[in-house]
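Chemist:
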Amino acid sequence: MFSPDDQWLASASDDHTLRLWQVGTGECFQTWTDHTDWVRSVSFSPDGRWLASCSEDNTIRLWQVGTQECCAVLRGHTNGVKSVAFSPDGRWLASSSEDKTIRLWQAHSGECQLTLKGHENLIIAVVFSPDGELLASASDTTIRLWHFRTGTCQKVLVEHTDFVRTLAFSPNGQYLASGSSDDTVRLWNVNTGNCLKVLPISRPYQGSDITGAQGLSPVQRASLLALGAVDHTYTNHIDPPRFH
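This is the structure:
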């Protein structure tokens, strides 16, 4: 994730680390190692001074950019935390978890003020609307829109046929885009909950069997798999992603 001023790039890894990179030079400026499991997601505060990270170790951590210090550890989730997001005013943090809940935290105190329940599976993504009034969350094939102030679920969007992986509001907050493992991106009207467009993802190698193909580098093989190719040897020997 880029910082608001585009000077920094934060990355999260399954090696339990969080890294901060200087965009101009490509150099790693800082590495944080306090998490004890896969770091799933990071979010910069709107002013760029703080960084939040979440992990499979069930915690969210707050860091001050430019220091090695972990300023706070937010505990409350009972399973791995999949996503974390600052509110547009920087006063709140939202986190989503494999424990099927969303938690809303005060950023300055680290206290959990509200727990949202309703999803029936792990919650992969959570994001604030630009005005900070709505929260969108993705779990299994559904998306929920929550009123941030009250914690009430306003709408459930149900047209995807596989796990919804990512969400993004338009800058004016009127539209929501969702990406799914059903190979589509859907565009939703936030006010009505209607799906306006379905954008299929191009997979030109769909069904192509590359099992046993010689001369492919790991990167080339991964690229072909992402574009729809099938490798039965790869499938049989690689563990499925942990969010399944």
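If you count the sequence shown from 1, position 169 lands on 177 in the working numbering, and the numbers rise without skipping. Glycine included, C-beta positions come from ideal geometry on N, C-alpha and C. Model, not experiment: these values are computed from the prediction.
Contact between the segment 84-96 and the segment 46-58 is defined here as three or more beta-carbon pairs at a separation below 8 Å; is this criterion met?
Modeler: Result yes; three or more Cβ-Cβ pairs closer than 8 Å.
Chemist: So what does DSSP say about P226, is it helix, strand or coil?
Modeler: If DSSP states are grouped into helix, strand and coil, P226 belongs with the helices.
Chemist: Indicate the three-state DSSP secondary structure (helix, strand or coil) for H85 in the structure shown.
Modeler: In the structure shown, H85 sits in coil (DSSP, three-state: anything other than H, G, I, E or B).
Chemist: Between which two residues does the beta strand (DSSP E) harbouring V164 extend?
Modeler: Segment C161 to L165, the beta strand (DSSP E) holding V164.
Chemist: Rounded to the nearest angstrom, what separates T5 and S21 at their Cα positions?
Modeler: Residue 5 cannot be examined here, being either before or after the span of the chain that is shown, 9 to 252.
Chemist: Considering just the uninterrupted stretch of the beta strand (DSSP E) at N197, what are its terminal residues?
Modeler: It spans T192 to N197 - the beta strand (DSSP E) in which N197 sits, taken as one unbroken run.
Chemist: Taking C-beta to C-beta, are R152 and V164 nearer than 8 Å?
Modeler: Contact: yes.
Chemist: Going by DSSP, what residue range makes up the beta strand (DSSP E) through K125?
Modeler: From DSSP, the beta strand (DSSP E) with K125 extends over C120 to K125.
Chemist: Just reading off the beta strand (DSSP E) that I132 is part of, what are its end residues?
Modeler: Taken as a continuous stretch (DSSP letters only), the beta strand (DSSP E) holding I132 covers I131 to F136.
Chemist: Under 8 Å between C-beta atoms, does T39 make it to chain D?
Modeler: Structure shown: chain D not included; a single protein chain is present.
Chemist: Let me know if A234 comes out buried or exposed under the rule of 16 or more other beta-carbons within 10 Å of its beta-carbon.
Modeler: Burial call: exposed.
Chemist: I need the DSSP call for S11, collapsed to helix, strand or coil.
Modeler: Three-state result, S11: coil.
Chemist: Can you grab the Cα-Cα spacing for the pair D217 / G236, in whole Å?
Modeler: Cα-Cα distance, rounded: 9 Å.
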